[in-house]
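Mapping the sequence shown onto our numbering, position 365 (from 1) lands on 1252, and the numbers just tick up by one.
Just so it is clear, CB atoms sit at the ideal spot from N, CA and C, and this is done for glycine as well.
Computed from a predicted model, the values in this text were never measured in an experiment.
The block underneath contains the structure these notes are about, expressed in structure tokens.
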Amino acid sequence: MATTVVWFWDDLRVHDNPALWKAARRGRVAPVFIYAPEELGERAWGGARKWWLHYSLQSLQESLRQRGNDLYLYRAPESLPVLEAVLTTTRADALYWNTRYDPIGRTLQERVAHTFKARGIEVRAFPSRLMHDPDSVRTDSGQPYTVFTPFWKRFLQTAQVPSPLPAPERLLPPESAPPEGVSLESLRLLPVPDWAGGIRATWQPGEAAAHQRLQAFLQQAVHAYADMRDRPDVDGTSRLSPYLANGEISPRQIWHATLNASGGQWSKGVESFLRELGWREFAYHVLYHHPHTLTEPLRPEFRNFPWQDTTTPEVRAWHKGRTGIPMVDAGMRQLWHTGWMHNRVRMIVASWLTKNLLYHWRLGEAWFWDTLVDADPANNVLGWQWSAGCGADAAPYYRIFNPVLQGRRFDPNGAYVRQWVPELRNLPTEYLHAPWEAPPSVLEAAGVALGQTYPFPQVELDKSRQRALELFENWHARG
Ligand code: FAD
């Protein structure tokens, strides 16, 4: 019977996994995960994703064992020699995986495919990370899209989202064993010392947990999603992003489950939610067609924009949520504590760093990469370049979020700031988003001493906004 090696990466699930499904139909299967952070360079898993990866691999290993197989884990500087050894020892004649779309993954998979095809191995990669093929959704003139709305319109007109595949019931192991792997613990993905208590209390990684989360969202929050998705003080979004980043759930599973739950009706909530999944497609579309945007802005006129590119005490205060701007601090502390931040607040903290403070979007992107449990190369780069005004369909340079007005609008009762910035908890709501505006007696009654219990703003809101506007305007005038 034929044996196929299945190379897992960011598709850590057994349901709707085309590589695993096709391999199981072909015969025996050797499921492999290779932890090789060195070959990913700066795009190796960040701290928070490593924590998630540990539990994700554990959950996948259990699912594979329940099906009569296992997940063979390896630790190596490079994937290719490990794949070679597994193919040889298991006498496999095929190597399958699910297609990667990010630049580093693409280069790697091309090298692997080239090497093994030349040796007569059947090499196949299957689409499953996205709902569309980035090569097939194009403008009338055959160009890729750089603006979301027309991309989404074309997607809805042309893309057929395939129905998800079931999980294979049984997975026959290879007849001859692969090389001895390593234990999950020896990968040392969990942090020492343990700083992940807040993440652990917030999340349950794994494929089953992803589906529980989806079902809970579809039963409740999706109905009000269009109105509530911008409110960080309520549990109004799906929080599926870390499961998507690790591939514990696929976008097409979410797509079909959402439409099934709504009886095929595109209610306001359903439309708005699927549109956000569309932004994820768009992010990958842009990165696929413009791989240089992993590190460079999509809009070339911003290549030499004079953003400060070093981590100073000002940036470290932003990391720690000590900027003196309550909405920014709440977001940064939510991120540090739980590994996740609400989308609206991501935009606010990114605008603060790249516009009010004029630091390079790459510094923010790198911090998010290390601290987010949902760190995703396409979404993170798109989000940062959008916020900085230098990316696809970006916020125009003159759009500088006012974190005080944003706070009053999207955290109207102050519950979000009170949760994450408890030293301001007793301030009346009218001053909560701008404590420096409160009269001394109010501050005193609330136990707030600015500059002592809570910092003054790093920079003045109006002045920093004006400074950024002038700089961006001059830059445009020059270009
Ligand atoms: P929901 O509102 O429930 O949306 C469902 C899914 O749609 C999300 O899980 C996500 O996959 C996708 N989605 C939603 N909004 C966006 C968006 N704006 N762009 C692309 N896809 C979207 N998302 C990540 O997954 N990883 C990142 O590293 C990341 N970095 C970001 C950085 C910045 C500066 C900004 C502004 C946004 C970033 N986002 C990122 C996008 C967005 O903030 C998150 O996807 C969202 O907050 C995840 O929460 P959710 O699953 O509850 O989203």
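- C-alpha of arginine 1231 to C-alpha of arginine 915: approximately 47 Å in a straight line.
- Sequence-distant Cβ neighbours of isoleucine 1136 in its own chain, meaning closer than 6 Å and more than five residues away, are Ala1097 and Tyr1130.
- Taking the Cβ of asparagine 1230 as the reference point, at least one heavy atom of ligand 1 falls within a distance shorter than 6 Å.
- Note: valine 1010 is bridge-paired with Leu982 in the DSSP secondary-structure output.
- DSSP assignment within the segment 1147–1198 yields the following whole alpha helix (DSSP H) runs of 4 residues or more, N-terminal first: 1155–1176.
- Close CB contacts of proline 1065 within its chain, under the 6 Å cut and outside five residues either way in sequence, are with Ala917, Tyr959, Val973, Thr976 and Thr977 (chain order).
- In the DSSP annotation of this structure, the continuous segment of the alpha helix (DSSP H) that includes isoleucine 991 starts and ends at 990–1004.
- Here the segment 937–947 makes contact with the segment 899–914; the two share three or more CB pairs at distances below 8 Å.
- As the crow flies, the alpha-carbon of leucine 1164 is around 28 Å from that of tyrosine 922.
- Here DSSP, grouped into helix, strand and coil, assigns leucine 958 to coil.
- Here proline 1065 carries a coil assignment [DSSP, helix/strand/coil].
- Asparagine 1133 is classed as buried because its beta carbon has at least 16 other beta carbons within 10 Å across all chains shown.
- Tryptophan 1271 has its CB nearer than 6 Å to a heavy atom of ligand 1.
- Boundaries of the alpha helix (DSSP H) around alanine 1096: 1094–1106.
- Ligand 1 has no heavy atom closer than 6 Å to the beta-carbon of serine 1137.
- Proximity to leucine 1077 across Val1260, Arg912 and Thr1036 peaks at Val1260, based on C-alpha coordinates.
- In terms of side-chain proximity, the C-beta atom of tryptophan 1142 is found no nearer than 6 Å to any non-hydrogen atom of ligand 1.
- Counting only runs that start and end inside the segment 910–947, the beta strand (DSSP E) elements of at least 3 residues fall at 915–922.
- For the pair arginine 1220 and tryptophan 1307, the CB atoms are nearer than the 7 Å cut-off.
- Judged by DSSP secondary structure, tryptophan 894 falls within the beta strand (DSSP E) whose first and last residues are 890–895.
- In this structure, the beta-carbon distance from tyrosine 983 to arginine 1011 falls below 7 Å.
- Assigned with DSSP and collapsed to three states, tyrosine 1285 falls in coil, not helix or strand.
- Shown here for histidine 941: same chain residues with a beta carbon closer than 6 Å to its own, the five before and five after excluded, namely Leu1076 and Leu1077 in chain order.
- Per DSSP, tryptophan 1273 is one residue of the alpha helix (DSSP H) stretching across 1264–1275.
- Taking the C-beta atoms as reference points, asparagine 1267 is found nearer than 7 Å to glutamate 1252.
- Bridge pairing for leucine 1337: Tyr1341 [DSSP].
- Not one heavy atom of ligand 1 is found less than 6 Å from the C-beta of leucine 1105.
- When Cβ pairs closer than 8 Å are counted between the two stretches, the segment 1032–1051 is seen to touch the segment 1163–1181, the count reaching three or more.
- Within the same chain, Phe1035 come within 7 Å of tryptophan 1166 by CB-CB distance, once the 5 residues on both sides are set aside.
- DSSP, reduced to helix, strand and coil, places tyrosine 1246 within a strand of the structure shown.
- Of the heavy atoms belonging to ligand 1, at least one sits nearer than 6 Å to the Cβ of arginine 1126.
- Here asparagine 1313 carries a coil assignment [DSSP, helix/strand/coil].
- In the same chain as glutamate 1056, and ignoring 5 residues on each side of it, the C-beta atoms closer than 8 Å to its own belong to Arg954, in chain order.
- Following the DSSP letters along the chain, one finds serine 1351 inside the alpha helix (DSSP H) bounded by residues 1348–1365.
- Closest in C-alpha terms to isoleucine 991, from the list Arg936, Leu1052, Glu926 and Ala981, comes Glu926.
- Between the C-alpha atoms of alanine 1279 and glutamine 1106 there is a straight-line separation of about 34 Å.
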